[in-house]
């Protein structure tokens, strides 16, 4: 198991995990757009009907959303209900799915994606969550890094399903979405490191979702398009681009792992951020977005595992 600036090799969180853990759509349009200078106060008033006292470069405090939109009244109009729903989704995005390091701010760019609820479901929110988590995991490897953003609940739940020795002992059945099945893992860093050091590769659950007790709670509709989990393409979310390097973790999908090609390096891309406020991100990342749009053209060769002992070619993992 290895995560580092060069590659997310051996095992990692994939689009499969995002979809089954969080039940977010992964097969859709990239979540991106322009963040060119805007009168965010005017945008906020037009869409939410209220303006916060402080807007920090397009960022708004989560506390203002909670205080301004606590609970809708029984006699709320349709427009008011829409505004409450938008504010609630903003809180989920900024506080749970894609939080920044402060975990107290959310950017108004997400609100622009909630204008038309019919269009919301056509976006690949799962790839957006994974893109940001990938970037945060990479940044967390930097020495003296004290904080990490992104959906840490997804990271923890992924670990529980694939590293059984980190699971709390519970007797209740699995629930869906799968992230709701477990709560609590060892919190001491020393304890976790010791547990990891004492385990071997054989104790890693490569395909936990094939467990009949887990498979039974997942609706069949989530298995109608498995190829979306296998695509090897860039994932773009505004200023961020990360590779979904499925070819390096084929065992997680139940396929034989050959020696992968040299991983994509995105060191220069990692230096780019939302401070470039006048950037038209769809144009900036047009090549990567085009690959995402043609994602089904980028599926690695998939070879079924016939003999478990040969799940990897000998040269790859002796």
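Numbering (the UniProt record's numbering), first residue to last: 1 to 318. Don't be surprised by glycine CBs; every beta carbon is placed ideally from N, CA and C. Note that the coordinates shown come from a computational prediction; the quantities given were computed from them, not determined experimentally.
Problem - Backbone secondary structure at residue 108 - three-state DSSP - result: coil
Exercise for the section: Please confirm if the stretch 121 to 136 is in contact with the stretch 224 to 244, defined as three or more CB-CB distances below 8 angstroms between the two stretches. Expected result: Touching, yes.
Practice task
Rounded to whole angstroms, what's the CA-CA distance from residue 109 to residue 279? Just pull it up for me.
Solution key: Roughly 13 angstroms between the two C-alpha positions.
Problem - Proximal residues to residue 72 (C-beta, below 7 angstroms), its chain only, five neighbours per side dropped - result: Counting only Cβ-Cβ distances below 7 angstroms, and skipping sequence neighbours, we find 80, 81, 84.
Handout entry: For residue 3, three-class secondary structure by DSSP
Key = For residue 3, the predicted structure reports a pLDDT of 37, less than 50, and the residue's modelled location is therefore unreliable. The matter cannot be settled from this model.
Practice task
Confirm, please, whether the CB-CB distance from residue 26 to residue 126 is below 7 angstroms.
Solution key: yes
Exercise for the section: Taking residue 213 as part of the alpha helix (DSSP H), name the residues at either end of that continuous run. Expected result: 212 to 215
Practice task
Look up residue 61 in the DSSP assignment and say whether it is helix, strand or coil.
Solution key: strand
Handout entry: Whether residue 177 touches residue 23 by CB criterion (7 angstroms)
Key = yes
Practice task
Please go through the same chain and pick out, in chain order, the residues whose beta-carbon is closer than 8 angstroms to the beta-carbon of residue 261, but skip the five residues on each side of it.
Solution key: 247
Practice task
Could you tell me which residues DSSP puts in a beta bridge with residue 124?
Solution key: According to DSSP, residue 124 bridges with nothing at all.
Handout entry: Unbroken alpha helix (DSSP H) run spanning residue 228, endpoints
Key = 227 to 230
Practice task
Please check the pair residue 86 and residue 123, which I expect to be a contact at CB under 8 angstroms, by giving their CB distance rounded to whole angstroms.
Solution key: About 15 angstroms separates the two Cβ atoms, so there is no contact after all.
Handout entry: Within 7 angstroms, strictly: CB atoms of residue 94 and residue 62
Key = Contact check for residue 94 against residue 62 passes: the beta carbons are separated by less than 7 angstroms.
Practice task
Leaving out five residues on either side along the sequence, give the residues of the same chain with a beta carbon under 8 angstroms from the beta carbon of residue 43.
Solution key: 108, 111, 112
Problem - Cβ shell of residue 151 (< 6 angstroms), same chain only, five flanking positions each side left out - result: 97, 129, 133
Practice task
Give me the Cα-Cα distance between residue 70 and residue 259, rounded to the nearest whole angstrom.
Solution key: 53 angstroms
Practice task
Please report how far the alpha carbon of residue 155 lies from the alpha carbon of residue 20, in whole angstroms.
Solution key: Approximately 13 angstroms between the Cα atoms of the pair.
Problem - residue 305 and residue 227 closer than 7 angstroms at C-beta - result: no
Exercise for the section: Report the rounded CA-to-CA distance for residue 32 versus residue 289, giving the unit in angstroms. Expected result: 9 angstroms
Practice task
Count the other C-beta atoms from every protein chain shown that fall within 10 angstroms of the C-beta of residue 255, then say buried if there are 16 or more, exposed otherwise.
Solution key: buried
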